[in-house]
Each structure stands twice: as C-alpha cells, then as structure tokens.
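Shown next, in structure tokens, is the structure this report addresses.
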Amino acid sequence: MSAGRRAGASSIFWRLSRPRSAADRQRARRMAFGVAGSGALLLAALAILTVRVGTASSYTCDESGCYTSFGRSGPQDGGLAPYVVESGLRGGTAVGAVLLVAPFVLLALQALRTGTAARERRLAALSLAGATRRDLRRLAFLEGTRAAVIGALAAGPLYLLLWLVLGPALPIGSKMLPQPGWPILIGWLVMVAAAVPLGGLVAAQAARPAAVSPLGLTRRRQRPLTLAHAVAPVISAALIAFFLRWSSGMGQLGVGLAAASTVALAISVGPWVILFTGWCAARRRGLVTSMAGRRLLADVRTPGRVVGVMLAVGISYGVIAALVVDVTQGDAYDQMFYLAGMAGAAIAIAVAAVVATFSLVVGATEQVLDNARSTAILVALAASPAFVSRIVRRQMLLAAVPATVLGAVLGWIVFGVVVIGSEDEGVGLKLAVALLAAMAAAALSAAVGALVAARAVRPAIRSSSGPENLRTP
Amino acid sequence: MSQVGVSDPAEPVLVLENIQHAYRRTIAVRGVSLTVQPGEILAVTGPSGCGKSTVLHVAAGLIRPQSGTVRLFGQSLTGAGDDERARLRRGKLSLVLQFGQLVPELTGVDNVALPLLLDGHGPTQARRLALGWLERCGAQELADVEPAEMSGGQAQRVAVARSLITSPQLMLADEPTGSLDSIGGRELLDLMIGEARRSGAALIVVTHDNSVAARADREIRLFDGEIASEAVLV
Ligand SMILES: Nc1ncnc2c1ncn2[C@@H]1O[C@H](COP(=O)(O)OP(=O)(O)OP(=O)(O)O)[C@@H](O)[C@H]1O
Ligand SMILES: [Mg+2]
Chain A
1 MSAGRRAGAS SIFWRLSRPR SAADRQRARR MAFGVAGSGA LLLAALAILT
51 VRVGTASSYT CDESGCYTSF GRSGPQDGGL APYVVESGLR GGTAVGAVLL
101 VAPFVLLALQ ALRTGTAARE RRLAALSLAG ATRRDLRRLA FLEGTRAAVI
151 GALAAGPLYL LLWLVLGPAL PIGSKMLPQP GWPILIGWLV MVAAAVPLGG
201 LVAAQAARPA AVSPLGLTRR RQRPLTLAHA VAPVISAALI AFFLRWSSGM
251 GQLGVGLAAA STVALAISVG PWVILFTGWC AARRRGLVTS MAGRRLLADV
301 RTPGRVVGVM LAVGISYGVI AALVVDVTQG DAYDQMFYLA GMAGAAIAIA
351 VAAVVATFSL VVGATEQVLD NARSTAILVA LAASPAFVSR IVRRQMLLAA
401 VPATVLGAVL GWIVFGVVVI GSEDEGVGLK LAVALLAAMA AAALSAAVGA
451 LVAARAVRPA IRSSSGPENL RTP
Chain B
1 MSQVGVSDPA EPVLVLENIQ HAYRRTIAVR GVSLTVQPGE ILAVTGPSGC
51 GKSTVLHVAA GLIRPQSGTV RLFGQSLTGA GDDERARLRR GKLSLVLQFG
101 QLVPELTGVD NVALPLLLDG HGPTQARRLA LGWLERCGAQ ELADVEPAEM
151 SGGQAQRVAV ARSLITSPQL MLADEPTGSL DSIGGRELLD LMIGEARRSG
201 AALIVVTHDN SVAARADREI RLFDGEIASE AVLV
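Line by line, the protein sequences give chains A and B. According to full-length UniProt numbering, the residues represented by the first sequence are 1 to 473, in order. According to full-length UniProt numbering, the residues represented by the second sequence are 1 to 234, in order.
Structural data, given as structure tokens:
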C-alpha cells in the first residue's frame with residue numbers, strides 16, 4: 001500500500017509542484033531569486049574569508065607583468081582592497097556580506113509565505129478531494145525544494161557576475177573579491193546539495209499553520225496588533241538606554257547589545273509606523289492617497305516587517321552622512337581610506353533598500369488577490385487597472401519612504417549630534433548638509449524600490465481585474 | 001432497498017442531531033435533526049439562503065457546527081481531525097459542489113482519479129478506472145482537458161465522475177445540475193440516482209428544481225434554517 005501510495009500520489013504532487021499560472025511562476029521566481037541572492041552573498045563571504053595572502057591565489061598580471069604579494073613595490077595581493085586582505089578588517093567585511101543576505105532571505109520567505117490565488121484554489125480543491133494536511137505539506141516540500149535548488153544553482157553564475165563587478169571591473173588595490181577558486185566551487189556544490197532538504201523543510205514548515213478550507217474560503221484573517229507588539233518597542237528602547245548607560249563597564253559587549261536592541265527596536269516599531277502613516281493618509285482628501293492609506297491599515301503587519309529594514313537603511317544613511325562629516329575633519333590619507341569604505345557601504349545599503357522594498361510586492365500582491373472580487377468590481381464599474389496600479393504605487397511609497405527618512409534622521413541625531421557634535425565645535429553647517437544628504441539618499445532609494453515594486457504588482461492587478469473574478473465565491 | 005457494501009443494514013449512514021450553526025452574524029441553521037438510511041435518496045429543497053448548503057457541508061464534515069452532533073457511518077465526527085475527515089472524502093463519502101471543486105492544474109482524467117491516487121492506488125490503474133467513469137458520465141472527451149477550458153456543465157460531469165469512482169456509501173450533491181441545461185441536468189441526475197440505486201449508496205441532493213425532488217425517496221424543505229416540512233415520496 002505505501003509503495004503504491006508513493007507511486008500514485010507522488011506523480012501527481014510532482015506535477016502540481018511545478019508552477020503553472022503566471023502568478024505561480026512569479027512566486028517561484030521570487031523564491032529562487034531570494035535563494036540565489038543569499039547564496040551569491042554567502043559565497044562572497046566565503047571568498048573573502050578564504051583569501052590566502054601572498055600565495056599563488058593572489059598572483060596577478062597586468063600590462064607591466066605578473067607579481068605576487070611578495071613583489072616589493074607592485075600591486076599587492078591580487079590588487080585586493082585592504083578591507084579584504086588585512087586580517088583585522090576582513091572579518092568585518094565578510095560579516096557585512098552576510099548581513100546583506102537578510103533582505104534576500106526576507107524576499108524568499110515572503111514569497112514562500114504568501115501563496116497566489118491559483119495556489120489557494122488548488123489546495124482547496126485537493127483538500128476537497130481528500131488530501132490530508134500531510135499530503136499538502138508534501139506538496140509544499142516539493143515546491144520549496146524545487147525553488148531552493150533552482151536558486152542555489154543560480155547562485156553560482158550570480159556570484160561570478162558579482163565577482164566580475166567587484167573584482168576585474170575595479171581598479172587594482174580596491175578589488176573586493178578574489179578570483180574564484182576551489183573553495184567557491186565546493187561551497188556552491190554544498191549549497192545546492194543543502195537546498196534539497198532545507199528548502200523543502202522550510203516550505204513544509206511554512207505550510208503548517210495555513211489552514212486550508214476545502215470550501216476554498218481561505219481569506220487571510222485580519223491579524224490585529226497584539227499586546228506584544230505594543231510592549232516590544234518600549235522594552236527595546238529601555239534596553240538601548242540600559243546598555244548605552246552601562247556600555248562603559250561592559251566594553252565591546254555593551255555596545256554590541258545596544259546595537260542588537262536597536263535592531264529589535266527598528267523591527268518592533270515597524271507596524272506602528274505603518275499604522276501612523278496609514279492613518280494620516282486615510283484622512284486625506286485625495287481619493288488615491290486615502291485609498292492607499294486604507295489599504296495600509298487593512299494589514300499593518302506585512303508592510304511593518306519591511307519598515308524595520310527601511311528604518312535600518314535610513315539609520316545607516318544618517319550614520320554614514322555624519323561619519324563623512326567626522327572624517328573630513330581628519331587628515332587626507334585617512335580620508336581616502338574611510339571614504340572609499342563608506343561609499344561601498346552606501347551602495348550596499350542602497351541595494352538592500354531596493355531589495356527590501358521589493359518584498360513589499362508580496363504583501364501587496366496578496367492583498368490584490370484577496371480583493372480580486374472588489375478590484376474586479378471597481379474595474380467593471382469605471383476604474384481602469386491603471387487606477388488600481390496608482391493606488392498600489394502610492395501605498396508602497398507610503399510604506400517605504402517615511403520609514404527610511406525617519407531612520408536617516410534618527411541615525412543622524414545619534415551619530416551626528418550626540419557623538420560628533422558634542423566633540424567638535426563649528427561643524428554645524430556640515431552636519432546640516434549631511435542631514436539633508438542622508439534624507440535625500442534615503443528617500444531616493446526607498447522611492448526607487450517602491451516604484452520598482454509597484455511595477456511588479458501589475459500582473460496581479462491585471463489578472464484580478466478580469467471579469468472571471470466577479471463570480472469566484 | 002438493497003444494501004450492497006454496508007455491513008449493518010440497520011445502521012443509518014448519517015445522523016444529524018440538533019445542528020446549529022452561525023456565520024459571523026447570520027444564524028444559517030437552527031436545530032436541524034435528520035437521519036439518512038443506507039440506499040435512501042433524499043432531496044433537500046428550500047428558498048435561497050435557507051441553509052441547504054450549510055447543512056450539506058456540516059454533513060460532509062467540511063464545517064464544524066457550533067452545536068449538535070454528526071454521526072457518519074455510526075461514528076461521531078465531533079472529535080475527528082481534519083485528516084480523518086479528508087480520508088472520509090476519498091473513501092466512503094463523496095461530494096459534488098456547485099463549482100470550484102476541480103484542481104485547475106490537472107486534466108479531467110487526473111481530477112477523476114485523484115481520490116484513488118491520494119489513497120495509494122497505482123497511477124495506471126487509477127487512470128483506467130477514471131476513464132471508465134468519465135465515459136459513463138458522457139465526458140470521455142474531457143479526459144485531457146483542463147478545468148479552465150471546460151464549461152460549467154462539463155466541469156460538473158467530471159465532478160460527478162469523480163464522486164462515483166470511490167464507490168461511496170454516501171453521496172452528497174449541492175445543486176449538481178445547477179449549471180446544466182434541463183436535459184443535461186436530467187441525464188446527470190439519472191446517472192447519480194441510478195448509481196446510488198445500483199450500489200445501494202445513499203444520496204442527498206440539494207436542489208431548487210422540483211422535478212429533481214420528485215424523483216427522491218424523501219424530500220425535506222428548509223426554511224430560515226429550520227426543517228419546515230418533510231414528505232415521503234413514492
Ligand atoms: N461563508 C459564509 N459567511 C457568512 N455567511 C454565510 C456564509 N455561507 C452562508 N452564509 C449565510 O448563511 C445563510 C445560509 O446559507 P446557505 O449557503 O446554507 O444557503 P442555501 O440554502 O444553500 O442558499 P442557495 O440556495 O442560495 O445556495 C445565508 O443567509 C448566507 O448568507
Ligand atoms: Mg447553496
């Protein structure tokens with residue numbers, strides 16, 4: 001029986017795990033892209049950590065000949081930047097690469113957690129035909145495995161692309177990634193092998209709490225904010241104050257714990273920022289803004305998760321802007337060294353902002369699909385799909401931009417005013433300019449992310465504005 | 001009445017006792033009690049919104065009623081989990097709903113074979129049986145067609161074929177002929193009733209159509225969530 005069961009059900013599940021509708025394919029692509037991005041960055045961290053200074057791996061050639069790091073005056077270490085070669089800095093750079101993984105993981109998880117309308121119809125119909133929860137989890141396992149393996153496979157080429165940009169394309173002495181070697185190949189293979197069970201298990205786990213109704217009435221429940229949501233920001237703020245107060249006694253540990261609490265604060269305050277933004281927007285006169293605000297209020301938790309990242313992005317901009325002011329007070333050699341690093345960090349943060357904003361797509365798409373009927377009615381009555389697109393675009397700008405700008409101001413206050421402003425006299429004008437620059441950079445990257453994201457929701461809007469959605473129950 | 005495939009002829013296949021169920025504000029069913037014997041064909045009628053579908057969904061174990069008990073094949077559903085209910089649906093119990101019951105990604109034949117495939121039958125044998133049932137339901141040309149390309153009535157034929165493939169002891173149908181023209185609807189219903197009579201299965205059919213109700217053994221009229229009248233026909 002069990003062997004036959006495997007044969008019969010497996011062939012069906014394997015076929016069903018393949019994304020079929022356009023929306024399903026998009027979901028699978030997003031999961032794979034998240035995995036591929038994380039994988040490429042992990043490979044980058046691996047490459048940085050396995051740079052072998054002064055060996056053949058750092059052997060390099062240019063028009064004036066070939067040299068190794070043993071060469072006296074020539075470019076050293078394959079032309080790699082000190083951030084990668086110097087043992088004191090290398091760890092930090094690798095950690096930076098690993099931190100950049102977060103938005104990609106977020107994207108993959110968001111795509112995983114939010115199904116599509118087609119997928120929900122399929123699960124409901126399967127359940128009606130007698131599929132158990134275990135059957136549905138097996139299906140989720142296959143879906144997850146498929147996306148994770150595709151993503152892990154793509155991580156290799158994506159890493160090569162990253163290397164081309166951050167290696168050969170950069171001038172000697174500032175290359176961030178060494179030539180790919182055995183560690184990368186092995187790391188990549190391990191990643192692909194690990195993707196099979198990991199992707200499946202994560203997907204099956206994510207499918208666990210989703211109750212599938214055989215009647216197909218799986219409207220996502222409204223998830224209001226709980227007491228924990230109200231308490232968490234207060235506790236995090238108190239912890240920051242506590243650790244900052246005691247950091248002198250605890251040294252590095254205190255600073256680390258304060259930083260961790262800051263992250264906790266940024267994450268836990270997210271839904272409240274959305275609640276406030278949505279509330280303000282909903283009370284505006286303009287139809288588009290007020291509808292965008294109401295849509296934000298309908299689900300504050302999904303965009304709230306992104307706000308945490310956007311706050312962090314903004315804070316980083318504020319800190320960088322303030323640090324630039326600090327650095328330009330110092331001597332010229334130091335300036336070059338630090339400014340290059342900060343420019344790199346700023347670019348990395350901009351990428352993080354766009355990727356994080358992009359994960360708003362998932363929540364917005366979900367909302368569009370849930371409201372397929374009302375969208376269809378709206379469109380059938382008078383509004384064009386373009387009008388719905390405008391609402392979604394406004395909704396995303398509202399979710400992303402205020403949080404990022406707020407973060408920029410916070411970062412600037414902490415590092416600019418408190419740390420630098422108290423030490424140096426007469427930097428007031430520079431600090432003011434830095435604030436404006438930080439806010440502008442924050443707003444710009446958040447807006448770019450939001451606009452890119454809004455474009456990505458369009459297919460869902462088009463598919464749910466069709467007349468067939470008028471008759472779905 | 002013959003009772004093929006039912007171990008204890010005296011045991012009713014379905015007993016509903018004092019079922020009460022409300023959605024957010026509306027009370028859909030208030031105190032419905034009902035017993036269905038093996039091989040019995042029961043029609044449930046009544047105006048729109050009177051609670052027919054809700055009663056059927058409760059009987060199928062798709063909805064847990066707020067109060068009252070459901071006994072299917074002598075066993076109480078009260079403590080049964082989702083998996084146990086799912087297993088019922090691919091075994092002794094079968095369902096035909098108004099729409100939205102076919103898996104959109106599977107062809108007609110795979111949709112019909114689905115309960116057998118889920119239950120562990122080999123794909124070749126399951127598909128052969130499924131083709132046979134499609135043929136009996138006059139839908140053999142739909143074997144390789146996906147639900148999106150079927151008309152409402154065609155999808156309904158496939159759904160009926162699927163409901164018959166497991167040789168269920170209780171068949172539940174919610175307006176199965178709602179999306180068919182009157183001739184097509186009559187044919188399909190003939191098939192279901194004929195199959196029920198042949199195999200000794202009980203059939204509960206929800207319908208607006210008086211001519212459908214006239215061919216049942218018994219008719220129950222619901223009004224505003226309560227049984228308004230009950231008539232033994234024939
Ligand atoms: N999912 C639901 N959520 C809220 N109310 C519901 C839901 N399903 C049914 N109802 C309400 O419960 C009552 C009974 O509905 P039910 O679907 O059982 O009626 P019905 O007799 O099958 O009607 P019809 O003949 O139109 O199919 C109705 O008032 C309906 O509005
Ligand atoms: Mg009904």
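Quick reminder that beta carbons are idealized off the backbone N, C-alpha and C, glycines included. In this text, all values refer to a predicted model and were calculated from it rather than measured experimentally.
Residue burial classification, residue i (beta-carbon count within 10 angstroms, cutoff 16)
i, result
"glycine 71 of chain A", "Note that glycine 71 of chain A scores 45 on pLDDT, short of 50, meaning its location in the model is unreliable; the coordinates nonetheless yield the value given after this. It counts as exposed."
"arginine 394 of chain A", "buried"
"glutamate 143 of chain A", "buried"
"glutamine 75 of chain B", "exposed"
"proline 303 of chain A", "buried"
"proline 157 of chain A", "exposed"
"isoleucine 183 of chain B", "exposed"
"glutamine 154 of chain B", "buried"
"alanine 231 of chain B", "exposed"
"phenylalanine 223 of chain B", "exposed"
"glycine 286 of chain A", "exposed"
"tryptophan 133 of chain B", "buried"
"glutamine 111 of chain B", "Before going on, a small fix: residue 111 of chain B reads as asparagine here, not glutamine. It counts as buried."
"tryptophan 188 of chain A", "buried"
"serine 151 of chain B", "exposed"
CB contact check: residue i to chain E, cutoff 8 angstroms
i, result
"histidine 57 of chain B", "Of the protein chains in this structure, namely A and B, none is chain E."
Test item: CB-CB of residue i and residue j under 8 angstroms
i, j, result
"leucine 177 of chain A", "glycine 318 of chain A", "no"
"alanine 352 of chain A", "valine 392 of chain A", "no"
"glycine 314 of chain A", "valine 300 of chain A", "no"
"leucine 41 of chain A", "leucine 100 of chain A", "yes"
"glycine 449 of chain A", "valine 354 of chain A", "yes"
"isoleucine 150 of chain A", "alanine 32 of chain A", "yes"
"leucine 93 of chain B", "proline 168 of chain B", "yes"
"alanine 260 of chain A", "valine 306 of chain A", "no"
"leucine 102 of chain B", "alanine 125 of chain A", "yes"
"threonine 107 of chain B", "alanine 143 of chain B", "yes"
"arginine 30 of chain B", "glycine 61 of chain B", "no"
"isoleucine 19 of chain B", "leucine 203 of chain B", "no"
Contacts around residue i, its chain only, beta-carbon distance under 7 angstroms, and the 5 residues preceding and following it disregarded
i, result
"alanine 12 of chain B", "According to the sequence provided, residue 12 of chain B is proline. The question's alanine does not apply to it. Cβ within range, chain order: Thr35, Val36 and Gln37."
"valine 84 of chain A", "Ile48, Val51, Arg90, Thr93 and Met176"
"isoleucine 27 of chain B", "Gly225"
"glycine 178 of chain B", "Gln98"
"phenylalanine 13 of chain A", "Arg138, Leu139 and Leu142"
"valine 15 of chain B", "Thr35 and Arg71"
"serine 73 of chain A", "In this prediction, serine 73 of chain A has a pLDDT of 36, which is less than 50 and means its spatial position is unreliable; nothing more can be read from the coordinates."
"threonine 289 of chain A", "Ala281 and Arg394"
Residues of its chain near residue i, where Cβ-Cβ distance is below 8 angstroms and the 5 sequence neighbours each way are ignored
i, result
"glycine 96 of chain A", "Ala345 and Ala348"
"aspartate 209 of chain B", "Thr177 and Gly185"
"methionine 1 of chain A", "Only weak support is given to the placement of methionine 1 of chain A: the predicted model assigns it a pLDDT of 42, under 50, and the question is left unresolved by the model."
Residue i (DSSP reduced to helix, strand or coil)
i, result
"lysine 430 of chain A", "helix"
"glutamine 66 of chain B", "coil"
"valine 103 of chain B", "coil"
"histidine 21 of chain B", "strand"
"phenylalanine 33 of chain A", "helix"
"serine 2 of chain A", "Low confidence applies to serine 2 of chain A: its pLDDT is 46, below 50, so where it sits in the model is not reliable enough to give any reading."
"glutamine 110 of chain A", "helix"
"methionine 150 of chain B", "coil"
"glutamine 75 of chain B", "strand"
"isoleucine 183 of chain B", "helix"
"methionine 171 of chain B", "strand"
"isoleucine 172 of chain A", "coil"
6 angstroms CB neighbourhood of residue i in its chain, flanking five on each side removed
i, result
"valine 206 of chain B", "Val44, Lys52, Leu56, Asp174 and Glu175"
"alanine 454 of chain A", "Val392, Arg393 and Met396"
"serine 174 of chain A", "Ala81"
Query - Contact residues within the region 10 to 38 of chain B, judged by C-beta distance below 9 angstroms to chain A - result: Within the region 10 to 38 of chain B, no residue has a Cβ lying closer than 9 angstroms to any Cβ of chain A.
Query raised in the report: Going along the region 142 to 170 of chain B in order, which residues come within less than 8 angstroms of chain A, judged by CB to CB distance?
Result: Correct list: Arg162.
Query raised in the report: Which residues, in chain order, does the region 70 to 104 of chain B contribute to contact with chain A at a C-beta distance below 7 angstroms?
Result: The region 70 to 104 of chain B vs chain A, Cβ under 7 angstroms: Asp82, Asp83, Ala86, Arg87, Arg89, Arg90, Leu95, Gly100, Gln101, Leu102, Val103 and Pro104.
Query - Residues, ordered as in the chain, of the region 130 to 144 of chain A that lie near chain B by beta-carbon distance below 9 angstroms - result: When C-beta distances to chain B are compared with 9 angstroms, the residues of the region 130 to 144 of chain A below that value are Gly130, Ala131, Thr132, Arg133, Arg134 and Asp135, in chain order.
**Report entry** Chain-ordered residues of the region 101 to 126 of chain A with a beta carbon less than 7 angstroms from chain B
**Finding:** The region 101 to 126 of chain A vs chain B, Cβ under 7 angstroms: Ala118, Arg121, Arg122, Ala125 and Leu126.
Query raised in the report: What are the residues of the region 106 to 119 of chain B that lie near chain A, defined by any Cβ-Cβ distance shorter than 9 angstroms?
Result: Along the region 106 to 119 of chain B, the positions whose C-beta sits under 9 angstroms from a C-beta of chain A are Leu106, Asp110, Asn111, Ala113, Leu114, Pro115, Leu116, Leu117, Leu118 and Asp119, read in chain order.
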